[in-house]
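Undergrad: Numbering (our numbering), first residue to last: 630 to 1015.
Built from N, CA and C at the ideal position, the CB exists for glycine as well.
Values in this document were obtained by computation on a predicted structure and should not be read as measured data.
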Amino acid sequence: METPVASVAYLDHAATSPPRREVLEAVWPYLTNVTGNPSSAHAVGRAAKAGLDAARAAVADVLGARPGEVVFTAGGTEADNLAVTGIAAANPRGRHVVVSAIEHPAVLETASALRGSGFTVDVVGVDADGRLDLAELERLLRPDTTLVSVMYANNEIGTVQPLAEIGALCRPHGIPLHTDAVQAAGHLDVDVERLGVDALSASAHKFGGLRGAGFLWVRGSVPLAPVLHGGGQELGRRSGTSDVASAVGTAVALHLAATARDVEVPRLQALRDRLVDGVLATVPGARLTGPRSHRLPGHASFCFEGVGGETILAELEESGIVCSSGSACAAGSDDASHVLLATGLSADLARTAVRFTLGNGSTGDDVDRVLAALPDAVRVAGALRT
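1. If you count every other CB in all the chains shown that lies within 10 Å of the CB of VAL713, and 16 or more means buried, which is it?
2. Per the DSSP calculation, TYR639 is bridged to which residue(s)?
3. Have a look at ALA976 and SER966 and give me their C-alpha separation to the nearest angstrom.
4. Could you check whether TRP846 and VAL652 sit closer than 7 Å to each other, using their CB atoms as the reference points?
5. Is it true that the CB of GLU765 sits closer than 7 Å to the CB of VAL753?
6. Kindly indicate if chain C contains any beta-carbon less than 7 Å away from that of CYS932.
7. Considering only the alpha carbon of each residue, which of SER741, SER778, VAL663 and CYS932 lies closest to LEU761?
8. Please report the residue range of the alpha helix (DSSP H) in which SER875 lies.
9. Using only alpha-carbon positions, find the residue among ALA782, CYS799, ARG823 and PRO791 that is nearest to GLY815.
10. Thinking just about the alpha-carbon of each residue, which of ASP756, GLY674, PRO721 and ALA910 is nearest to the one in PRO920?
11. Please give the ranges of any beta strand (DSSP E) in the stretch 655-733, keeping only runs that are unbroken, at least 3 residues long and fully inside the region.
12. Based on Cα-Cα distance, which residue from ASP709, ASP758 and VAL726 lies nearest to GLY745?
13. If contact is defined by three or more beta carbon pairs under 8 Å, each pair taking one atom from either stretch, is the stretch 885-892 in contact with the stretch 855-865?
14. Would you report the Cα separation of ARG823 and ALA793, rounded to the nearest angstrom?
15. From which residue to which residue does the beta strand (DSSP E) around ASP751 run?
16. Answer yes or no: do PHE985 and LEU640 have a C-beta to C-beta separation smaller than 7 Å?
17. Starting from ARG768, trace the beta strand (DSSP E) in both directions and tell me its first and last residue.
18. Between the alpha carbons of ALA717 and THR775, how many angstroms are there, rounded?
19. Per the DSSP calculation, GLY843 is bridged to which residue(s)?
20. Do ILE950 and ALA638 come within 7 Å of each other at the CB atom, strictly closer than that value?
21. How many angstroms separate the CA atom of GLU785 from the CA atom of VAL673?
22. Is the number of C-beta pairs between the stretch 802-809 and the stretch 673-692 that are closer than 8 Å three or more?
23. Evaluate contact between the stretch 897-905 and the stretch 685-694, counting only Cβ atoms and requiring at least three cross-stretch pairs below 8 Å.
24. Quick check on ALA1010: buried or exposed, where buried means 16 or more other Cβ atoms within 10 Å of its Cβ?
25. Could you check what DSSP says for HIS967 in three-state terms: helix, strand or coil?
26. Please report the Cβ distance between SER954 and GLU939, rounded to the nearest whole angstrom; I am assuming they are in contact, meaning their Cβ atoms lie under 8 Å.
27. Cα-Cα, which of GLU707, SER669 and HIS642 is closest to ARG867?
28. Is the beta carbon of ALA703 less than 7 Å from the beta carbon of GLY841?
29. First and last residue of the beta strand (DSSP E) that includes VAL983?
30. Can you find the residues in the same chain that come closer than 7 Å, C-beta to C-beta, to HIS884, ignoring five residues on each side of it along the sequence?
31. Thinking C-alpha only, which one of GLN812, LEU853 and GLY849 is nearest ALA833?
32. Do LEU925 and GLY796 have their C-beta atoms closer together than 7 Å?
33. Beta-carbon within less than 8 Å of ALA982's beta-carbon, same chain only, minus the 5 sequence neighbours each way: which residues are those?
34. Can you name, in chain order, every residue of its own chain whose Cβ lies under 7 Å from the Cβ of ALA874, other than the five neighbours on each side?
35. Measuring CB to CB, does GLU767 end up less than 7 Å from LEU817?
Next comes the structure, spelled out in structure tokens:
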């Protein structure tokens, strides 16, 4: 018998976060009354366009950018695809792209696809904590490098990259820096000038917005070739009828997250640290993946040597605790995580991974439930494996 959803301790916010009530209230008029096409010239269309323009301005305000630099997309994957393909293809410097070894597949697979168009792609390694090798990155930069793409914070191990330092390496060469901020937006500062980036991708459902919504910010001086062609919406950068409701919800969710960050981040860090300390103290063989510091505030991930990660997840769910083995995009795959392999873990150890991610609504009771249930779950999983 399945545990009622209402009684579940939900610790999988990195996969998706519940939409905020304020978001649902904000989008409702655009699903019911203000339903015009924002490209239409009549009054209903103009009302929809006003909502779209306001949403674009609100997102830009959080980013410290100009509204015209924000492109609304159908999520983080599309935003990453548009950034990598669109910037690389439009940049006249050459046909060379650099990415990190622990990027999301939305970046890695897009970069790989560019190889079929004659691009060369270099992959920068990371250390045991998942931090980018800056010296290797500097060596790889070339006169024909069209783009560097490094994620702000990793979805599997929580590592936060030193984007300002990376940008300082790219900027003297005139190389655009894109960051996949899907996990970071809503938790970390996304002021693009302080970050030193030229493009930033985000996905609304990671910070309390709707699924299937996101955006790409691209600095106005950086050329961007469209991936979708058609009616020329989004100032010609992303054709297709604009989803006004999703854009409005994205803007509301991002604004709420940014406003609450000074309070919410310390709260989540305290819960995360209590969870990490408790797991390492009570579960024999538990190993934290990713760093203790320079980590997403609500992210705790572990490997348990000799124990099947998927079995631990099943045991925890029996106790009403929902978490994951890593990226939701790779759920059900037997392949070892490319992120964990890049940090130097063996394939066998990487397959034991379990990830707990906290977010809006997570409480100390959720952490207590994990700490009470996890030791038994690991023991049972170990027994079943032997």
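TA: Taking the definition as stated:
1. Walking along the sequence shown from the start, residue 713 turns up at place 84. Label assigned to VAL713: buried.
2. Indexing the sequence shown from 1 puts residue 639 at position 10. VAL951.
3. Taking the first residue of the sequence shown as 1, we reach residue 976 at position 347. Taking the first residue of the sequence shown as 1, we reach residue 966 at position 337. Between ALA976 and SER966, the C-alpha separation is close to 8 Å.
4. Walking along the sequence shown from the start, residue 652 turns up at place 23. Walking along the sequence shown from the start, residue 846 turns up at place 217. Cβ atoms of VAL652 and TRP846: not closer than 7 Å.
5. If you number the sequence shown from 1, residue 753 lands on position 124. If you number the sequence shown from 1, residue 765 lands on position 136. Yes; because the gap between Cβ atoms is below 7 Å, this pair is in contact.
6. The chain inventory of the structure shown lacks chain C, comprising one protein chain alone.
7. Indexing the sequence shown from 1 puts residue 761 at position 132. Of the candidates SER741, SER778, VAL663 and CYS932, the one whose C-alpha sits nearest the C-alpha of LEU761 is SER778.
8. Against the sequence shown, residue 875 aligns to sequence position 246. That run of the alpha helix (DSSP H) goes 873-911.
9. By 1-based counting over the sequence shown, the position of residue 815 is 186. Nearest of ALA782, CYS799, ARG823 and PRO791 to GLY815, Cα basis: ALA782.
10. Taking the sequence shown and counting its residues from 1, the one referred to as residue 920 is at position 291. That would be ASP756, whose Cα lies nearest to the Cα of PRO920.
11. 699-702 and 725-729
12. Taking the sequence shown and counting its residues from 1, one reaches residue 745 at position 116. Closest by alpha carbon: VAL726.
13. no
14. The sequence position of residue 823 within the sequence shown is 194, counting from 1. The sequence position of residue 793 within the sequence shown is 164, counting from 1. Their backbone Cα atoms lie some 7 Å apart in a straight line.
15. Here the question's residue 751 lines up with position 122 in the sequence shown. Per DSSP, ASP751 belongs to the beta strand (DSSP E) from 749-753.
16. Counting from one through the sequence shown, the residue named residue 985 turns up at place 356. Counting from one through the sequence shown, the residue named residue 640 turns up at place 11. Yes, these two residues count as a Cβ contact at 7 Å.
17. Along the sequence shown, one-based indexing puts residue 768 at 139. Unbroken run through ARG768 is the alpha helix (DSSP H), 763-769; no beta strand (DSSP E).
18. As a first step, residue 717 is located in the sequence shown; it is residue number 88 there, counting from the start. As a first step, residue 775 is located in the sequence shown; it is residue number 146 there, counting from the start. About 5 Å.
19. Within the sequence shown, numbered from 1, the residue matching residue 843 stands at position 214. Answer is THR702 and SER832, bridged to GLY843.
20. If you number the sequence shown from 1, residue 638 lands on position 9. If you number the sequence shown from 1, residue 950 lands on position 321. Contact: yes.
21. Residue mapping note: residue 785 aligns to position 156 of the sequence shown, counting from 1. Residue mapping note: residue 673 aligns to position 44 of the sequence shown, counting from 1. Between GLU785 and VAL673, the C-alpha separation is close to 44 Å.
22. no
23. no
24. Here residue 1010 refers to the residue found at position 381 when the sequence shown is read from its first residue. It counts as buried.
25. Mapped onto the sequence shown, residue 967 falls at position 338. In this structure, HIS967 counts as helix in the three-state DSSP scheme.
26. To locate residue 954, count along the sequence shown from 1; it is residue 325. To locate residue 939, count along the sequence shown from 1; it is residue 310. The pair is a contact, with the Cβ atoms about 6 Å apart (cut-off 8 Å).
27. Locating residue 867 in the sequence shown gives position 238, where the first residue counts as 1. Measuring from the Cα of ARG867, the nearest candidate turns out to be GLU707.
28. Numbered from its first residue, the sequence shown carries residue 703 at position 74. Numbered from its first residue, the sequence shown carries residue 841 at position 212. Result yes, Cβ atoms of ALA703 and GLY841 sit closer than 7 Å.
29. In the sequence shown, the residue the question calls residue 983 occupies position 354. 983-986 is the extent of the beta strand (DSSP E) around VAL983.
30. Counting from 1 along the sequence shown, the entry for residue 884 is found at position 255. Here the set comprises ALA687 and VAL691.
31. Stepping through the sequence shown from its first residue, residue 833 is reached at position 204. It is GLN812.
32. Taking the first residue of the sequence shown as position 1, residue 925 is located at position 296. Taking the first residue of the sequence shown as position 1, residue 796 is located at position 167. Going by C-beta atoms, LEU925 is not nearer than 7 Å to GLY796.
33. One-based indexing of the sequence shown puts residue 982 at position 353. Answer for ALA982: GLU785, THR918, SER930, PHE931, CYS932, GLY938, SER954, GLY955, SER966 and LEU969, listed in chain order.
34. Position 245 of the sequence shown, counted from the first residue, corresponds to residue 874. So the list reads VAL656, TYR659 and LEU660, once near-sequence residues are dropped.
35. Position 138 of the sequence shown, counting from 1, holds the residue named residue 767. Position 188 of the sequence shown, counting from 1, holds the residue named residue 817. No, they are not a contact pair.
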